[in-house]
Amino acid sequence: MNGDRQAALLGQSAPNWFELDRDPRATLVKSGHHRRTWRVSLNNVVIFAKVFDAQRGYPFSRIAYALGLGAAHREWRASRAAERRGVPAVRCLALGVDRRRRGAAVLLSEGLPNAIPLSQAWEQGASSRSTALSLIEAVARLFASAHNRGFVHRDAHPSNILIQPTADGGWEASYVDLHGAYLFKDTASIRHGRAVRSLAQLDHYFQRRASRLQRWRFLQNYVSLRRSFNMSGERRVWCENGFSHQLLSSIARARATHAAALARQRDRRIHRNGKYFATIALGNGWKGTFVLQLERRHAFPEPTVPDRSEHDWRNLIQAVFTTGARMDSRTSRQRNDDTFAVHGVYVERAGPIGMRAQMLWSLNGSPQRREFVRSHRLRHRDIANELILACLEHRSTVGLIDETFLVRAVSSSKS
C-alpha cells in the first residue's frame with residue numbers, strides 16, 4: 504500500500520470505519536442481516552467498506568471472529584491468494600477488528616474505475632451482438648483463468664462479477680465478494696464438483712436472460728481456454744466439439760441442485776423481515792405478512808403491481824380495516840366469502856366456523872396463511888400462479904385466530 508492510500512485509510516482525516524452511518528462521505532450500497540457495504544469517497548479515491556456485525560450473524564459467528572475464521576478474515580485471505588495466483592479480483596486493502604464490539608470487523612477494498620456488475624452490463628449491452636459476444640469472452644476468460652490456477656468462486660452470480668471497459672474496446676471481468684472461494688494446490692479439474700457448480704451458478708442466472716447459443720458459446724470459450732492450459736488427466740473430457748456430453752449433464756445436474764437450494768433460501772425469507780417480505784404487528788391483535796418487493800419480476804413481470812414500503816402497507820391496511828368495518832363482520836365470518844376491492848387490491852375476509860376450526864387454524868396456521876406461503880413457494884420455483892400480496896390474522900385475547908384478511912393482486916374467482 505502506498506503512502507497516499509495509507510494516509511487516506513488510516514490518517515487523521517480518515518473516517519471511523521465502524522461508524523460510517525455518521526459520515527457524509529459514505530453511501531450505503533448494500534445492507535444484509537449482519538453485513539453492510541459502504542462506498543466511501545476519499546480524495547478522489549473510492550473505497551468500499553464491508554462492516555460485519557458478528558453479534559447479528561450465525562450462532563457461532565462471534566467464536567469464528569475471535570479465532571480469525573469469520574467472513575471478513577476468509578475474504579481477506581482469499582483476496583491475498585487471488586493476488587498471488589494472478590486471478591482477476593478486487594483487491595482488499597485492509598482488515599480491522601474491533602474487539603470491544605465482540606467481533607465487529609471491517610474489510611476495505613479498492614474501487615475499480617468505471618466497473619459495473621455483469622448483470623447490469625448484460626442488461627445494457629445484450630441487445631448488441633458484438634457487445635454480448637465481448638462480454639461472453641471476458642467472463643469465460645475470468646472463469647478459465649481462475650480455475651486453471653486452482654481458484655473457484657463459491658458464489659459466482661453476476662452481481663459478484665465486475666465488468667470494466669478496456670482500451671481496445673473490449674471488456675475485462677473481475678471477481679468480487681471472495682469470502683467463499685475454494686483454493687486448490689493445483690488446477691481445479693474441469694470434472695471437479697466445485698468448478699462445475701461454479702459454472703452452473705452462472706448458467707442458472709442466464710437461463711432466462713441469454714439464448715442457448717450464447718450460453719453454448721460461453722462454454723465453448725471456457726473449455727477452449729481450459730484445454731490450452733494443457734492439464735494432465737483431462738483428455739477424456741475433450742472431444743471434437745470441445746467438450747463432452749458428460750460435462751453438459753454434470754452442469755445440468757448442478758444447476759438443478761443450485762436452483763432447489765435457491766428456492767429453499769427464498770422460502771425462508773417469507774417468514775423474515777427483509778428486502779422482499781415483512782411481518783408487522785398492527786395492534787389490537789392484528790399481525791400481517793406483506794410483500795414489499797417482487798423478487799422474481801424477470802420471471803413474472805407483474806407491471807401493475809408496485810413495490811410497497813412498510814409505511815405504504817400500513818396506510819393500505821388502514822383503508823382495508825375502514826372498509827371492513829362498514830360490513831357485518833359476524834355475518835361475513837359465518838358465510839366465509841366476504842370480498843371487496845380497495846385501492847387497487849382485492850381483499851377476502853374469512854374466519855373459522857366453530858371452536859374446532861378455530862383451534863386448528865391457531866395451531867396449524869389459517870388456510871389463508873398457507874395459501875399466501877404456497878403462492879410464493881411456487882413462484883420461487885418459477886411456477887406461475889396467482890399472486891397474493893398479504894395475509895393478516897387477528898387473534899383474540901386468548902390467542903386464537905378468529906378473523907383473517909387475504910390481499911390479492913387480482914380479483915379471485917369468489918368475487
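Residue 721 in the working numbering is what sits at position 218 of the sequence shown, and the numbering runs on without skipping anything. For every residue, glycine included, the Cβ atom is placed at its ideal position computed from N, Cα and C.
If you draw a 10 Å sphere on the C-beta of H846, you find fewer than 16 other C-beta atoms in it, and that means exposed. In this structure E578 is not in contact with H695, their Cβ atoms being roughly 22 Å apart against a cut-off of 8 Å. In the assembly as shown, I856 is an exposed residue. Its beta-carbon has fewer than 16 other beta-carbons within 10 Å. Taking 8 Å as the upper bound for CB-CB distance, H761 and A684 are not in contact here, some 17 Å apart. A Cβ-Cβ contact shorter than 8 Å links V549 with R542. D815 sits in a helix when the DSSP states are folded into three classes. Secondary structure at Q667: strand, using DSSP grouped into helix, strand and coil. For the pair F654 and G573, the Cα-to-Cα distance works out to about 20 Å.
Residue range 607-613 is occupied by the beta strand (DSSP E) that includes A607. CA-to-CA, the gap between R771 and Y779 works out to about 11 Å. By the CB criterion at 8 Å, V593 and L665 fall inside the cutoff.
Straight-line spacing of the CA atoms in D905 and W864 works out to 9 Å. If you keep only unbroken alpha helix (DSSP H) runs of at least 4 residues inside the segment 671-700, you get nothing at all. Rounded to the nearest whole angstrom, the CA to CA distance from A844 to S631 is 44 Å.
DSSP, read as helix, strand or coil, puts T826 in helix. DSSP, reduced to helix, strand and coil, places S516 outside both helices and strands of the structure shown, so it counts as coil. Between the alpha carbons of R657 and R898 lies a gap of roughly 44 Å.
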